[in-house]
Structures are given as C-alpha cells and as structure tokens.
Amino acid sequence: MAQRLPALNALRAFEAAARHLSFAKAAAELHVTPAAISHQVKALEEDLGVPLFRRFNRQVLLTDAGQALAPGVRDGIDAMRAAVEQVNAICCRGPLTVTVPPSMASKWLLPRLERFRAREPEVDVRISATDRIVDLMHEDVDLAVRYGAGDYPGLVVEKLLDEKVFPVCAPALLEGPDPLRTPDDLARHTLLHDFTHGGSAGYPTWRMWLTAAGVVDAVDPDRGPAYDPSSMVVQAAVEGEGVALGRSVLVAADLAAGRLVKPFEGEIEVAFAYWVVMPPNREGLPRVAAFKDWLMTEAARAVEGEVAA
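Count along the sequence shown from 1, then add 40; that gives the number in this note's numbering.
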C-alpha cells in the first residue's frame, strides 16, 4: 500500500523554514505567524517520527533527517507550482468563446464590442451567433447570453437586461393617406411578426400587445409576414414594410438614430429577458469574469438610455 503523505501545509511550512533557516522569515513569506510555522513543523516531525530541526535561542538548523527531506519537498512544491501555472496559462490563453442569439449579437453586442477590446486588449473574443442552446457543461464555450425565462439548472445565471415591447415603424408611416395615430390605425397597416421563438410561452407577440392595448378585436393579430431572426423584423420595419412589435433591446439604436419611431405610447413588459449564463468551472477565470463585468456595465448604460455609437 502507498504510504500516506504528510499534510501539504506542514510540508510548505517546513520547506520555507528550511530554506530560510528561520521560522520568522518563513512565517513572513507564507503570511502566517511564527507560532503557526512552529506548530506545522512540530506536527510534521511527529508525523514522520524524527526531529527535522535543531532549535537554538535565535536560530534553527536542519538535522540530518531535515537535510535529507528538504530538497525533495522543495522540488515537489516547485513541480506543483509549475503545474498550476501551466493550467492557469491554458485557461487564460486563446480566445474567449461566447454564444449570443443572432439578433442580439448584431443589434446590441457587436456595436459595443470595441469598448471591450479597448478595456481588455489581451483578450480575443470569439462570438458564435446562434439560437441553439449550447451545452455549456460539455462544449468548449466560456459564456452565453440567452433570451428566455432564466431557468438554466446547474449553471451560473445572472440577469443582464429586462425587455419591453411596443410598436415601431419607419417615420414615413406617420404620414400619408393612413397615418398611424392610435392603435386602431394598425388595422390599415401590415403587421410584421417575429417567429424566432415561435410558440414559446412568454415570447412577445402581436396578440399579446393588442390585447393589452384593448384593440385585439379591431386588429387581426395574426395577419402579416413573419421573419426569423428577430433582426430581420427590425430591418423590415426600417424599410417601411410595415409595423413591427419592437423589442426594446433590439430597437434602441434604430430609435436613437431616427430610423424607427414609436407611433404611439403603450408598452408591455414580457416574461423573457436576457441572461448571462456560465458553467461553474468557468466563472472564476479572469477573462470570463472580465467579459461578464463588461456586459453588466454595458447593460447598465443601456438602461440609462445610452446606445452604442
């Protein structure tokens, strides 16, 4: 049977004391008290059954057993330290892989990403724009932004952005023979639909908004073309093809630039939101933490009304 090894803390205390021939200097190096070093060394001596130091009033010297033990312990600690540094290097080098829904990537994330590059120039980001639910526990992905109800068991989850929905259209639709003035006017305009998450409970739909506005009986909530991904719905509205049910995160930049307008007031909150999701074993990696913190900063700026330049 393999012989049980002494406690690592005791070995570290012995190695430092043997190298410095001083309990006080070893204590300063390891950020503990000299008494703690003495206690660990004594425990190691009792464990091994031999004295390792000859103790004098102001000095300690290694015994023959201590001299035999010190080089091997030092080499072992150096080997462990090198192995840990190698693992840290593997974790910290290479690209940071992030998955994001396609429309969120193009309409919200990418216009802001240069600010992350300026903040963390050593981190290369690899963006995978996909609606596929990536298996974060088994695939080589560091972090995901997901749109949904936030129920992701076994993963680290933090809300990034809430979302509201409201009608948006090109400015030209406010004029002409059938100007948009009230929700009832939607009966004379094309409704643009988003079926990226078609059928998912909680996903915003025209029926949901028209019901809240009290005009679901006057406006057919199901007529009109449908698009996937969501960014196509936004672009169709910019092109004047009809009225889209704008999701606040995705239409903020187009509203700020005047490419889209809100023809009338009336917005509803939805159950879906954007979430930052990570595997537990990636949460503490510096590059992952840096990107998550940056995302949260950008979200806070967006909530305050700032959009990407």
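We put the beta carbon where it would ideally sit given N, CA and C, even for glycine.
Please go through the same chain and pick out, in chain order, the residues whose beta-carbon is closer than 6 Å to the beta-carbon of residue i, but skip the five residues on each side of it.
i	result
Pro74	Phe63, Ala64 and Ala67
Ala110	Ala58
Val328	Asp182, Leu183 and Arg322
Rounded to a whole number of angstroms, what is the C-alpha to C-alpha distance between residue i and residue j?
i	j	result
Lys332	Ala53	37 Å
Glu344	Pro142	24 Å
Thr137	Val163	10 Å
Tyr192	Glu198	10 Å
Asp118	Gln99	26 Å
His60	Asp202	58 Å
Ala227	Ala258	7 Å
Pro219	Met336	39 Å
Ala339	Val72	42 Å
Met144	Arg166	15 Å
Leu200	Trp148	12 Å
Leu101	Gln107	9 Å
Leaving out five residues before and five after residue i in sequence, what residues of the same chain have Cβ atoms less than 7 Å from its Cβ?
i	result
Val174	Thr139, Val181 and Ala184
Asp268	Phe235 and Thr236
Ala189	Gly242, Ala311 and Phe312
Val256	Arg247 and Leu250
Going along the chain, which residues of its own chain have a beta-carbon closer than 8 Å to the beta-carbon of residue i, five neighbours each way excluded?
i	result
Leu195	Leu176, Met177, Val317, Met318, Pro319 and Pro320
Ala210	Ala277, Val278, Glu279, Gly280, Arg299, Leu300 and Val301
Arg159	Ala330 and Trp334
Thr103	Val90, Pro91, Leu92, Phe93 and Arg94
Ile308	Lys204, Val205, Phe206, Pro244, Met248, Trp249 and Ala252
Val81	Ala50, Ala53, Phe54, Ala57, Phe63, Leu92 and Phe93
Met41	With a pLDDT of 46 at Met41, under the threshold of 50, the modelled position of that residue is not reliable, and no figure is offered here.
I'd like to know if residue i contacts chain C, where contact means its C-beta is closer than 8 Å to some C-beta of that chain.
i	result
Trp148	In the structure shown, chain C does not exist; there is a single protein chain.
State the beta-bridge partners of residue i as determined by DSSP.
i	result
Ile77	Per DSSP, none; premise fails for Ile77.
Ala266	His233
Leu101	Arg94
Give me the Cβ distance between residue i and residue j, rounded to the nearest whole Å; I'm assuming they're in contact under 8 Å.
i	j	result
Val208	Ala277	6 Å
Val113	Glu69	Between Glu69 and Val113 the Cβ distance is about 15 Å, and since that is not below 8 Å, they are no contact.
Trp246	His233	6 Å
At which residue ranges does the stretch 274-317 contain complete alpha helix (DSSP H) runs of 4 or more residues, listed in the order of the chain?
288-297
Length-filtered (3 minimum) beta strand (DSSP E) runs lying within the stretch 105-153:
136-140
Minimum length 3: unbroken beta strand (DSSP E) runs contained in the stretch 158-211:
165-169, 183-188, 196-201 and 204-208
In chain order, which alpha helix (DSSP H) runs of at least 4 residues are fully inside the stretch 48-94?
48-60, 63-70 and 74-88
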